[in-house]
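Take a look at the structure set out below.
There are 2 protein chains.
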Amino acid sequence: MTTASPRKGLLIKADPIAAQFRDEVKQALAQLSCRPKLVGILATTSAPSKSYAEFTRKQCEELGFDFVLKTTGAAASPELGEGDGVEEAIIEANEDESIHGIMVYFPIFGAQQDHYLQQVVSPFKDVEGLHFKFHYNLYHNIRFIEPKSLLGSVATPIAPTELETEEPPAGTVKSIIPCTPLAIVKSLEFTGVYNRILPYGDRAYGKTITVINRSEVVGRPLAALLANDGARVMSVDIDSIQEYTKRPRVASNPSSSESMTAQRYHPRHIVHPSNLTLHECLAISDVVISAVPSPTYKIKTEWLKDGCICVNVASDKNFEKDVRDKASIYIPAVGKVTIFMLLRNLLRLQQYQQV
Amino acid sequence: MTTASPRKGLLIKADPIAAQFRDEVKQALAQLSCRPKLVGILATTSAPSKSYAEFTRKQCEELGFDFVLKTTGAAASPELGEGDGVEEAIIEANEDESIHGIMVYFPIFGAQQDHYLQQVVSPFKDVEGLHFKFHYNLYHNIRFIEPKSLLGSVATPIAPTELETEEPPAGTVKSIIPCTPLAIVKSLEFTGVYNRILPYGDRAYGKTITVINRSEVVGRPLAALLANDGARVMSVDIDSIQEYTKRPRVASNPSSSESMTAQRYHPRHIVHPSNLTLHECLAISDVVISAVPSPTYKIKTEWLKDGCICVNVASDKNFEKDVRDKASIYIPAVGKVTIFMLLRNLLRLQQYQQV
Chain G
-19 MTTASPRKGL
-9 LIKADPIAAQ
1 FRDEVKQALA
11 QLSCRPKLVG
21 ILATTSAPSK
31 SYAEFTRKQC
41 EELGFDFVLK
51 TTGAAASPEL
61 GEGDGVEEAI
71 IEANEDESIH
81 GIMVYFPIFG
91 AQQDHYLQQV
101 VSPFKDVEGL
111 HFKFHYNLYH
121 NIRFIEPKSL
131 LGSVATPIAP
141 TELETEEPPA
151 GTVKSIIPCT
161 PLAIVKSLEF
171 TGVYNRILPY
181 GDRAYGKTIT
191 VINRSEVVGR
201 PLAALLANDG
211 ARVMSVDIDS
221 IQEYTKRPRV
231 ASNPSSSESM
241 TAQRYHPRHI
251 VHPSNLTLHE
261 CLAISDVVIS
271 AVPSPTYKIK
281 TEWLKDGCIC
291 VNVASDKNFE
301 KDVRDKASIY
311 IPAVGKVTIF
321 MLLRNLLRLQ
331 QYQQV
Chain C
-19 MTTASPRKGL
-9 LIKADPIAAQ
1 FRDEVKQALA
11 QLSCRPKLVG
21 ILATTSAPSK
31 SYAEFTRKQC
41 EELGFDFVLK
51 TTGAAASPEL
61 GEGDGVEEAI
71 IEANEDESIH
81 GIMVYFPIFG
91 AQQDHYLQQV
101 VSPFKDVEGL
111 HFKFHYNLYH
121 NIRFIEPKSL
131 LGSVATPIAP
141 TELETEEPPA
151 GTVKSIIPCT
161 PLAIVKSLEF
171 TGVYNRILPY
181 GDRAYGKTIT
191 VINRSEVVGR
201 PLAALLANDG
211 ARVMSVDIDS
221 IQEYTKRPRV
231 ASNPSSSESM
241 TAQRYHPRHI
251 VHPSNLTLHE
261 CLAISDVVIS
271 AVPSPTYKIK
281 TEWLKDGCIC
291 VNVASDKNFE
301 KDVRDKASIY
311 IPAVGKVTIF
321 MLLRNLLRLQ
331 QYQQV
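Heads up: the sequence lines are chains G and C, in that order.
Using the numbering used here, read the first sequence as starting at -19 and increasing by one per residue.
Using the numbering used here, read the second sequence as starting at -19 and increasing by one per residue.
Shown next as structure tokens:
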């Protein structure tokens, strides 16, 4: 504790970050003639899912969205199994024209079968952005799409977006981004990690960011998003550390031809295995984001770079209590931002459905 | 051992089962003007993947298919990481019109990211049948599709097939079925589990089948296939036992309204939680199929129903050495059948591509 700063870093809770999106969503809603309707599908007796469903309802009602909670399986009747009827409920909501958005309270069956269910949700109603098409666009840095492409084959080659502007070109709309990674990006924008003086699509240039977790729901899409926005991202999981970047890599070896000759960065991130240890990644990271679902996993404060920004995304606390002795900013949770990303997606999808 | 039959059950290896498909594939190939070309994508240094790639090559060359092995990542160069470049290799093969089928040697990154990659393979070239669209059709008992639907939205509702004939109606083709579950079904047909006197689509009626494993790659699609074909399937995994059936359930409780009033079976299977134990499932099962990836997992021979048929799908042996003391037929492996299912799918997809 002898090296601790005399002054602690800022603690930023999600509320002030969420506030700007609450206003944005409220204003957009006020201009609509038809209230968007969200259906939540609850198929298990899981307490966190149940309380998240109640939280969704409360937020929707407060803001003026229609919300219907559809229970099925064990959530509807003790005689039914966990998850019973959930696929049928999704298909019914896909086909119901009065419904504009669908959210399913996962986990239900486990990662594999849940992933199957995520593909059953129509991409036109997928407020969580979990459909393969949206992941594909994200990984390929395809930011603007024709709404019709949500009907088309995902295997159609589309060029990554060369960005000049934040606004979609005529005839296109923004692709939907998965809620949790997007909430993290918005939190980083709020804390100044994204530099708005830089051109859109490259505003994280110059930042080194460690992301601990490489799941398909949070860590990997987040690493890709940040790298597509210009950051150098160290993606850490149990087995390996990878570097996500769209620029030529910083060469430890000057004979590396790539870094010497490449003049321009790739239109989307590429991934390299890294030789760095977690300790070494943390030592050079301006931002550390952790989403490890374990109550015992803790990032050592002493390993952090002085003045870095730390974001905890796990339901457990992945940072030590004294994290603000090193971090300039610490965000302990982003869930309250995530719900607004979901409602923003709902507003967009309602528009896309009209095309 | 006092209750063991004096005569052991039959040991049936995959070769005689594969033989009929070898002939079928050879004949179909002889009638084509253009040799189908399969590309195998190997992105890891995994020894089983490497030897499976060599096995694919050998089978293709022997039968007269063109086979190209594309190596990438650690399989191509020790300087590259496991899986590097695999998505790009898939996209290139999707776009290459000279290639009719793509197979990717999994596992690469682990279940979640591998599932993402399975969606990147164009369904028109997905010889393994791992694309979501094929799984969706399988789970919904949609056997015949318009080839164009492979381009369309997966969320479009399609009615399950009411079967009168094995032949697709005009303008439709058969949906692709994942190779391993299909190889198991074909092995059951070979051993007489499917009764060809019964109408197509209901030939497993009257059979009770236990399937141990409920992964999205083998166990769950297999349980659905068998139940859609009329069987009563007990689907067993670590956490739970479920019953897959398209008929009203056998009621233990005569007040169960469903079994008393339903006159006709569902067009596709439905799933119920089961109260039976594994022991009880095995005691009533005519067929036991096991795919548990563990060298220590063993099904107790004494629990098997006398005269049942046992199929081992795992790379480890899930049955005890004395399994044939109880089983009338034991199939220790189906891998040699699976490769022919893959080549049959290749021949079909080549046709679908021409539509």
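Beta carbons: idealized from backbone N, C-alpha and C, even for Gly.
Checklist entry - At a Cβ threshold of 9 Å, is Phe112 of chain G touching chain C? => result Any Cβ of chain C closer than 9 Å to the Cβ of Phe112 of chain G would place that residue at the interface, and such an atom is present.
Item to check | DSSP-derived helix/strand/coil call for Arg37 of chain C | outcome: Helix, per DSSP.
Next on the checklist: What does the Cβ neighbour count give for Gln11 of chain C, buried or exposed, with the cut at 16 atoms within 10 Å?
Outcome noted: Classification of Gln11 of chain C: exposed, given that the 10 Å Cβ count is below 16.
Next on the checklist: The beta strand (DSSP E) that contains Gln222 of chain G, what's its start and end?
Outcome noted: 221 to 225 is the span of the beta strand (DSSP E), which, as asked, contains Gln222 of chain G.
Checklist entry - Taking the alpha carbon of Gly81 of chain G as the point to measure from, which residue in G:Gln333, G:Leu326, G:Pro28, G:Lys316 has its own alpha carbon closest? => result Nearest option by C-alpha distance: G:Leu326.
Item to check | Simplified DSSP state of Gly20 of chain G, which is helix, strand or coil | outcome: Here Gly20 of chain G sits in strand by DSSP.
Item to check | Delimiting residues of the beta strand (DSSP E) encompassing Pro253 of chain C | outcome: That run of the beta strand (DSSP E) goes 250 to 253.
Item to check | Any chain C beta carbon closer than 9 Å to Tyr119 of chain G | outcome: Interface residue, yes.
Checklist entry - If contact means a Cβ-Cβ distance below 7 Å, which residues of the segment 25 to 51 of chain C contact chain G? => result Answer set for the segment 25 to 51 of chain C: empty.
Checklist entry - Whose C-beta lies closer than 7 Å to the C-beta of Ser274 of chain G among residues of the same chain, with five residues either side of it excluded? => result Asp296, listed in sequence order.
Next on the checklist: Just verifying my parser: in three-state terms, what is the DSSP assignment at Cys290 of chain C?
Outcome noted: If DSSP states are grouped into helix, strand and coil, Cys290 of chain C belongs with the strands.
Checklist entry - For the candidate residues G:Val291, G:Val153, G:Leu162, G:Asp182, whose alpha-carbon lies nearest to that of Leu110 of chain G? => result Closest by alpha carbon: G:Leu162.
Item to check | Neighbour-count burial assignment, Ile52 of chain G, 16 or more Cβ in a 10 Å radius | outcome: Looking at the sequence shown, residue 52 of chain G is not Ile but Thr. So Thr52 of chain G ends up on the buried side.
Next on the checklist: At 3 residues or longer, what runs of the beta strand (DSSP E) sit wholly inside the segment 307 to 331 of chain G?
Outcome noted: Taken in chain order, the whole beta strand (DSSP E) runs of length 3 or more contained in the segment 307 to 331 of chain G are 309 to 311.
Checklist entry - What does a CB cutoff of less than 7 Å around Arg183 of chain G pick up in its chain, not counting 5 residues either side in sequence? => result Closer than 7 Å at Cβ, skipping near neighbours: Tyr174, Asn175, Arg176, Asp209, Gly210.
Item to check | DSSP-derived helix/strand/coil call for Lys50 of chain C | outcome: Note: Lys50 of chain C maps to strand in three-state DSSP.
Next on the checklist: Threshold first: 3 residues or longer. Then list the beta strand (DSSP E) segments lying entirely within the segment 163 to 191 of chain G, N to C.
Outcome noted: If we require 3 residues or more, the segment 163 to 191 of chain G turns out to have no beta strand (DSSP E) run fully inside it.
Checklist entry - By the 10 Å Cβ neighbour count, where 16 or more other Cβ atoms means buried, how is Glu223 of chain C classified, buried or exposed? => result Buried, because 16 or more other Cβ atoms sit within 10 Å of the Cβ of Glu223 of chain C.
Checklist entry - Can you tell me where the beta strand (DSSP E) with Gly81 of chain G in it begins and where it stops? => result Segment 81 to 84, the beta strand (DSSP E) holding Gly81 of chain G.
Checklist entry - Is Leu60 of chain G close to chain C, meaning its C-beta is less than 9 Å from at least one C-beta of that chain? => result Closer than 9 Å to some Cβ of chain C, the Cβ of Leu60 of chain G qualifies, so yes.
Next on the checklist: Less than 9 Å between the beta carbons of Ser308 of chain G and Ile289 of chain G, yes or no?
Outcome noted: Ile289 of chain G is positioned such that its CB atom lies closer than 9 Å to that of Ser308 of chain G.
Item to check | Per-residue contacts from Tyr96 of chain G into chain C (C-beta, under 9 Å) | outcome: Those within 9 Å of Tyr96 of chain G in chain C are His95, Phe112, His115, Tyr116, Tyr119, Glu196, Arg200.
Item to check | Val268 of chain C, DSSP secondary structure in three states | outcome: Looking at Val268 of chain C - three-state DSSP - the assignment turns out to be strand.
Checklist entry - What's the gap between the Cα of Gln333 of chain C and the Cα of Leu130 of chain C? => result Going by the C-alpha atoms only, they are around 10 Å apart.
Item to check | For Val107 of chain G, three-class secondary structure by DSSP | outcome: The answer is coil: DSSP assigns Val107 of chain G none of H, G, I, E or B.
Next on the checklist: So, for Leu205 of chain C: in the same chain, excluding its five sequence neighbours on each side, which residues have a beta-carbon less than 8 Å away from its beta-carbon?
Outcome noted: Only Leu118, Ile157, Pro161, Leu162, Val165 meet the Cβ criterion.
Next on the checklist: Can you tell me whether Arg123 of chain C is helix, strand or coil according to DSSP?
Outcome noted: It is coil, neither helix nor strand.
Checklist entry - Going by the beta-carbon positions, is the gap between Lys154 of chain C and Arg328 of chain C smaller than 9 Å? => result Yes, they are a contact pair.
Next on the checklist: Please state whether the Cβ-Cβ distance between Val404 of chain G and Gly90 of chain C is less than 9 Å.
Outcome noted: No answer is possible for residue 404 of chain G: the residues shown for chain G start at -19 and end at 335.
Next on the checklist: Cβ closer than 9 Å: which chain G residues qualify as neighbours of Ala91 of chain C?
Outcome noted: Under a criterion of Cβ atoms nearer than 9 Å, the residues of chain G adjacent to Ala91 of chain C are, in order, Ala91, Gln92, His95.
Checklist entry - In the structure shown, what three-state DSSP assignment does Ser239 of chain G receive? => result With a pLDDT of 45 at Ser239 of chain G, under the threshold of 50, the predicted position of this residue should be treated as unreliable, and no value is reported.
Next on the checklist: Below 8 Å on the Cβ atoms is my contact criterion, and I expect Phe320 of chain G with Arg2 of chain G to pass it. Report the Cβ-Cβ distance as a whole number of Å.
Outcome noted: Contact holds; Cβ gap of about 6 Å.
Item to check | Three-state secondary structure assigned by DSSP to Arg2 of chain C | outcome: Of the three classes helix, strand and coil, the one that applies to Arg2 of chain C here is helix, per DSSP.
Next on the checklist: Just to check my reading of the structure: Ile21 of chain C and Ala56 of chain C have Cβ atoms closer than 8 Å, yes? What is that Cβ distance to the nearest angstrom?
Outcome noted: The Cβ separation is near 11 Å, so there is no contact.
Next on the checklist: Using C-beta distances below 6 Å, list every residue in its chain close to Ala242 of chain G, excluding the 5 sequence neighbours before and after it, in chain order.
Outcome noted: With a pLDDT of only 45 at Ala242 of chain G, under the threshold of 50, the placement of this residue in the model should not be trusted; the figure read from the coordinates follows. Here the set comprises Pro228.
Next on the checklist: Taking the straight line between their C-alpha atoms, what separation do you get for Ser78 of chain C and Pro16 of chain C?
Outcome noted: Going by C-alpha positions, Ser78 of chain C is about 9 Å away from Pro16 of chain C.
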